[in-house]
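Chains E and L, in that order, are what the protein sequence lines are.
By the numbering used here, the letter at position 342 of the first sequence is numbered 1822, and the numbering carries on one by one without gaps.
By the numbering used here, the letter at position 211 of the second sequence is numbered 220, and the numbering carries on one by one without gaps.
Every residue gets a Cβ at the ideal spot worked out from N, C-alpha and C, and that includes glycine.
Remember, predicted model here, so these are calculated numbers, not experimental data.
Read the structure below first, then the notes.
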Amino acid sequence: MTINEKNYIEIKGVSKNFGDVIAVDNVDLAIKKGELFSILGASGSGKTTLLRILAGLETPSQGSIMIDDMDMTTMAPYDRPVNIMFQNYALFPHMSVFDNIAYGLKKEGETKEIIEEKVQRMLSLVKLEGYDSRKPNQLSGGQSQRVALARSLIKEPKVLLLDEPMAALDKKLRQSTQFELMDIHDQLGITFVIVTHDQEEAMTLSDRIAIMEQGQFIQIGSPNLIYENPESKFVADFLGNINLLDADMIENDQNRILLKCKALGGQLSLSNAHDFNGSGQISVALRPEKIMIQKEFPSEEVKNYVKGVVEDFGYFGNLSIYRVRTESGEIIQVSKQNRDRAVQSIKWEDEVYLSWENKNLMLLGE
Amino acid sequence: MSGILINNNNSFRENLWRHFIVAIPYIWLLLFFLAPFVIVFKISLADPIIAQPPFTPFFNEGKNGGISIYTTFDNFFYLFQDSLYFVTYLNSVKLAFIATVFTLLIGYPIAYGIARSPQPIRNILLLLVVIPFWISFLLRVYSWMGILKTNGLINGFLLWLGLIDQPLQLLYTDTAVYIGMVYSYLPYMILPLYANLVKLDVRLLEAASDLGAKRWQGFLDVTLPLSIPGIIAGCLLVFIPAIGEYVIPALLGGADTLMIGRVLFDEFFLNRDWPVASAVAIVLLLLLVLPIVYFQKRQAQDNSEVVV
Chain E
1481 MTINEKNYIE IKGVSKNFGD VIAVDNVDLA IKKGELFSIL GASGSGKTTL LRILAGLETP
1541 SQGSIMIDDM DMTTMAPYDR PVNIMFQNYA LFPHMSVFDN IAYGLKKEGE TKEIIEEKVQ
1601 RMLSLVKLEG YDSRKPNQLS GGQSQRVALA RSLIKEPKVL LLDEPMAALD KKLRQSTQFE
1661 LMDIHDQLGI TFVIVTHDQE EAMTLSDRIA IMEQGQFIQI GSPNLIYENP ESKFVADFLG
1721 NINLLDADMI ENDQNRILLK CKALGGQLSL SNAHDFNGSG QISVALRPEK IMIQKEFPSE
1781 EVKNYVKGVV EDFGYFGNLS IYRVRTESGE IIQVSKQNRD RAVQSIKWED EVYLSWENKN
1841 LMLLGE
Chain L
10 MSGILINNNN SFRENLWRHF IVAIPYIWLL LFFLAPFVIV FKISLADPII AQPPFTPFFN
70 EGKNGGISIY TTFDNFFYLF QDSLYFVTYL NSVKLAFIAT VFTLLIGYPI AYGIARSPQP
130 IRNILLLLVV IPFWISFLLR VYSWMGILKT NGLINGFLLW LGLIDQPLQL LYTDTAVYIG
190 MVYSYLPYMI LPLYANLVKL DVRLLEAASD LGAKRWQGFL DVTLPLSIPG IIAGCLLVFI
250 PAIGEYVIPA LLGGADTLMI GRVLFDEFFL NRDWPVASAV AIVLLLLLVL PIVYFQKRQA
310 QDNSEVVV
């Protein structure tokens, strides 16, 4: 997969109001050619509205949209080089699988031979050979999703928009479909824009994620960047599990940060790696998988540790999640990979020591 | 054990109750449709006589004190011999068909418009469709006489505009019958169509548009085919009563507007030939029921194909 440096989709200052409600609020976004881009947000965050604006199903109240240097802002959906896969697929119930997939080509006035050939190729791409004559109500959820995907890909759009593509599938199927979708993306090289509320889905699929809240983007970046370097408490909390602990900044110069965090046992001295310039009340964020949990007193090398009592735990097979109440009374979540086939050794009410490396602490302002 | 027994008892009572509720409409149909139909059918097999009632009895006392049954199919043969009946049937079908087509052409856009309007307005529009039902059907047809007659509203208006200098003959023509039928049966077309169109998933139209269909193409490819059940239901609801319609052709139609309802009335009340009138009614019923049974069977087949 090649990603050109040039911007392929350019959204500039786009807003959309429905009456008094601002669904999309002055949004800027640039997406590169061939990128698999996700817009992640809770319901009501405006992500679907933005997708519909890209598809031409809504006209923006303000702003402009360019795709491949063409102004799309007011172009009708049937003229756009963009196709959308709807959340519940919106397959034409009265048409066969073949006619559903062929619909876009028929409207282009393609010849029968070309339609036949392209539809068959598409059917094999989504692994539905031999399903041509089925009606949508004779398909399972996964099959319907493939037909919808094939239908939206058949015109070889410049951009494919996917509205919650996996939401209607069960978990097992969702995982395998995610990888198939990535395969198809790599094979065709089409730019994908996915809207989803499922952070796992966004993380697995995307080259980049934009997190949307109240009509605005809060953070845009690669899954890894957003996960490990969230810029706000909202993002940190939204993506995965995290411990958000109150702390007071004592000293903050360019090289060193000194802060007091009751939950983590008092004073912490960190190097200022991320140019954090907050002061006063801040939050220290620490992901559960970056904390070690053990019953034994930590060895000499371990500088940062805190003592606590296991209040609760969940066993998930591959890992266990503990909720530990520290001496200062805060709850800290810890996850532990179950690397050995051993009986769960840490149980309720056990006294444990939690340790971490200071470089894994993230500092977040309000 | 006792718990189970009570349960059984309850479910038995429930079952009885359920059967009873289901039975009510059937009993109703049995009493007020099937029984009269059997009587009419019986009369159609009799000969007319001048007596009270004006037809030969079904059961006769035989010479030896036994009971013999008298039936004749003469009335049915008679219907086929006199071309009047055939022509009238045909004309009824033609009138009902054309009226249905016009009702559909007018009713579809109305139903579509109602289904697409915002919720609060939708209910008001639906109410407006139904409101004419609050006035007697006969009264409404009479008022059409006032509108269509030589010195009526339409002619007055056209004369006033100067478009015509002689009043048009509107009343007592087939046109008047069409106007009356389309007007009277329009709600029966609009309501099932509306019920169908309001369910249409707008995203299907968006999908069509996204795939390159202009608005009219989306309508032809998605809305229209998906509304076929509504179209069929509406057309049946209009066509069936229209074909046997008596009041509208009698009041608005001319002497030459032949409709089976009128012939039936004439046979019954003017000629006092109850057996022929009954035969006319039976044939009309068969004419209507057979295509509907065929249609229903086909639809049932379509539905069974859907099984995964």
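Proximity to Met-1602 (chain E) across E:Ser-1620, E:Gly-1589 and E:Lys-1635 peaks at E:Lys-1635, based on C-alpha coordinates. For Asp-91 (chain L), no chain E residue has a C-beta closer than 8 Å to its own C-beta; the minimum C-beta separation is roughly 47 Å. Between Ile-1730 (chain E) and Phe-1714 (chain E), the beta carbon gap of about 26 Å keeps them out of contact (Cβ cut-off 8 Å). The contact set of Gln-310 (chain L) on chain E, defined by CB atoms closer than 9 Å, is empty, because the minimum CB distance reaches about 14 Å.
Residue nearest to Ser-1749 (chain E) within the set E:Ile-1801, E:Lys-1740 and E:Leu-1534 is E:Lys-1740 (criterion: CA-CA distance). Against Pro-1557 (chain E), the close residues of chain L are Ser-218 and Asp-219, in the order they occur along the chain (beta-carbon pairs closer than 7 Å).
When 8 Å is used as the limit between beta carbons, Gly-1584 (chain E) is near these residues of chain L: Leu-220 and Gly-221, in chain order. In this structure, the beta-carbon distance from Ala-1510 (chain E) to Glu-1538 (chain E) does not fall below 7 Å. Chain E has a Cβ within less than 7 Å of the Cβ of Pro-234 (chain L).
Note that the segment 227-243 of chain L does not touch the segment 96-106 of chain L; fewer than 3 beta-carbon pairs, one per stretch, sit closer than 8 Å. Bounds of the beta strand (DSSP E) holding Gly-1794 (chain E) are 1785-1795.
The beta carbon of Ile-1595 (chain E) lies closer than 7 Å to those of Ala-1582, Leu-1585 and Lys-1586 in the same chain, with the five residues before and after it left out. Leu-229 (chain L) has its alpha-carbon roughly 14 Å from the corresponding atom of Pro-118 (chain L). When DSSP assignments are scanned along the segment 1695-1749 of chain E, the uninterrupted stretches of alpha helix (DSSP H) that are 4 or more residues long and fall wholly within it turn out to be 1703-1708 and 1713-1718.
Look at His-1665 (chain E): its C-beta is not under 7 Å from any C-beta on chain L. For Met-1662 (chain E), the uninterrupted alpha helix (DSSP H) segment begins and ends at 1651-1668. By the C-beta density criterion, Arg-1821 (chain E) is exposed, having fewer than 16 other C-beta atoms within 10 angstroms.
Each residue's CA atom was taken as its position, placing Ala-1535 (chain E) and Ser-1815 (chain E) some 42 Å apart. The three-state reading of DSSP puts Leu-168 (chain L) in helix, counting H, G and I together. Residues of the segment 1622-1653 of chain E with a C-beta atom less than 8 Å from some C-beta of chain L are Arg-1631, Ser-1632 and Lys-1635, listed in chain order. Taking Asn-1568 (chain E) as the centre and dropping the five residues before and after it, the same chain places the C-beta of Ala-1648 closer than 7 Å to its C-beta, in chain order.
Interface criterion not met: the Cβ of Glu-1538 (chain E) is under 7 Å from no Cβ in chain L. Taking Glu-254 (chain L) as the centre and dropping the five residues before and after it, the same chain places the C-beta of Gly-270 closer than 6 Å to its C-beta, in chain order. With a cutoff of 7 Å on beta-carbon distance, Pro-1703 (chain E) and Ile-1689 (chain E) are scored as near each other. The C-beta of Glu-1596 (chain E) comes no closer than 7 Å to any C-beta of chain L. Proximity of Arg-212 (chain L) to chain E, defined by a Cβ-Cβ separation below 7 Å, is satisfied.
By the rule that beta-carbons nearer than 7 Å mark a contact, Ala-1570 (chain E) touches chain L. Burial of Pro-201 (chain L) is indicated by the presence of at least 16 other C-beta atoms within 10 angstroms of its C-beta. DSSP places Pro-57 (chain L) within a strand segment (E or B) once states are collapsed to three.
Counting only residues of its own chain and dropping the five nearest sequence neighbours on each side, Arg-1767 (chain E) has a CB closer than 6 Å to the CB of Ile-1722. Each residue's CA atom was taken as its position, placing Phe-89 (chain L) and Ile-291 (chain L) some 13 Å apart.
Straight through space, the alpha carbons of Val-1782 (chain E) and Asn-1818 (chain E) are spaced by roughly 21 Å. The beta carbon of Trp-1828 (chain E) is closer than 8 Å to those of Val-1790, Glu-1791, Asp-1792 and Phe-1793 in its chain, skipping five residues each way along the sequence. Closer than 7 Å to the CB of Ala-1535 (chain E) there is at least one CB belonging to chain L. Residues of the same chain with their beta carbon placed closer than 8 Å to that of Lys-1652 (chain E) are lacking, with the five preceding and five following residues left out of the count. Nearest C-alpha to Leu-209 (chain L) among L:Ile-123, L:Leu-294, L:Gly-71 and L:Val-256: L:Ile-123.
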